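In the numbering used here, the protein residues as written are 13 to 263.
Virtual Cβ for every residue (Gly too), placed ideally from N, Cα, C.
All of these numbers come straight from a predicted model, not from anything done at the bench.
Before any comments, here is the structure.
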């Protein structure tokens, strides 16, 4: 039973009269006041209901976009969360690949550096052995040069020793000798053939072409430049014959 039914009942109510009952006028007055109050409350209720429905409609109109925005925000947030998780996973995978690639690159660089260092050490060792071989060959050339100089000095000493001694002059030799009587001029004789001239080559052992009497050949040593070959450490005959030049000199 709603308020409208009660209102109708109060309006249409009729009470039977009995002895010793209430005053009908007072009852009617109370009923009229109740009807008025009920009508007022009903009107207020209807007004409040209308206002509430209007407010709900307005609120729904205002909340609906917010609800849609919230739903969209939740969807965006969910997508962003999934994307963030994917980005984190991709970043971790990229970091792992980068770490592995960096370790491989560092390992390769270390291996290449070790190989390069071993190669340089091997090359340095080869250069050292080559230098030692060059020094040994140079020592042999110097020793051969020393021996040739020694032979030349010995040959020169022998040559100097074989020269005739200079005559000694005394006071008797300085006195004037009597002039001999002139002899008849002899017939001219044919000129004798010149004797072969002999020279000494001090850069080698033995004699060479003819030289004028009273001259000798002094050694003039050219700058010594050994031709070093890594594969040949022996001296050839051409080394001792073609290394030095000599020029003739006079005694």
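Please tell me whether residue i and residue j are closer than 8 Å, where the distance is taken between their beta carbons.
i, j, result
"residue 22", "residue 43", "yes"
Where residue i and residue j are concerned, what is the direct C-alpha to C-alpha distance, given to the nearest angstrom?
i, j, result
"residue 118", "residue 127", "14 Å"
"residue 107", "residue 147", "58 Å"
"residue 123", "residue 87", "53 Å"
"residue 84", "residue 95", "16 Å"
"residue 171", "residue 165", "10 Å"
"residue 80", "residue 89", "14 Å"
"residue 155", "residue 125", "44 Å"
"residue 145", "residue 138", "10 Å"
"residue 48", "residue 61", "19 Å"
"residue 73", "residue 66", "10 Å"
"residue 101", "residue 112", "17 Å"
"residue 69", "residue 92", "34 Å"
"residue 56", "residue 35", "31 Å"
"residue 97", "residue 130", "49 Å"
"residue 104", "residue 114", "15 Å"
"residue 53", "residue 46", "10 Å"
"residue 133", "residue 121", "18 Å"
"residue 59", "residue 71", "18 Å"
"residue 51", "residue 41", "15 Å"
"residue 110", "residue 99", "16 Å"
"residue 158", "residue 169", "16 Å"
"residue 140", "residue 116", "35 Å"
Beta-carbon within less than 6 Å of residue i's beta-carbon, same chain only, minus the 5 sequence neighbours each way: which residues are those?
i, result
"residue 135", "none"
"residue 236", "Confidence in residue 236 is poor, its pLDDT being 44 and thus under 50, which makes the residue's placement unreliable; the coordinate value appears in the next sentence. Contacts found: none."
"residue 78", "none"
Once you ignore the five residues that flank residue i on each side, which residues in its own chain have a CB closer than 8 Å to its CB?
i, result
"residue 63", "none"
"residue 76", "none"
If I measure Cβ to Cβ from residue i and keep anything under 7 Å in the same chain, skipping five residues before and after, which residues do I get?
i, result
"residue 24", "none"
"residue 20", "none"
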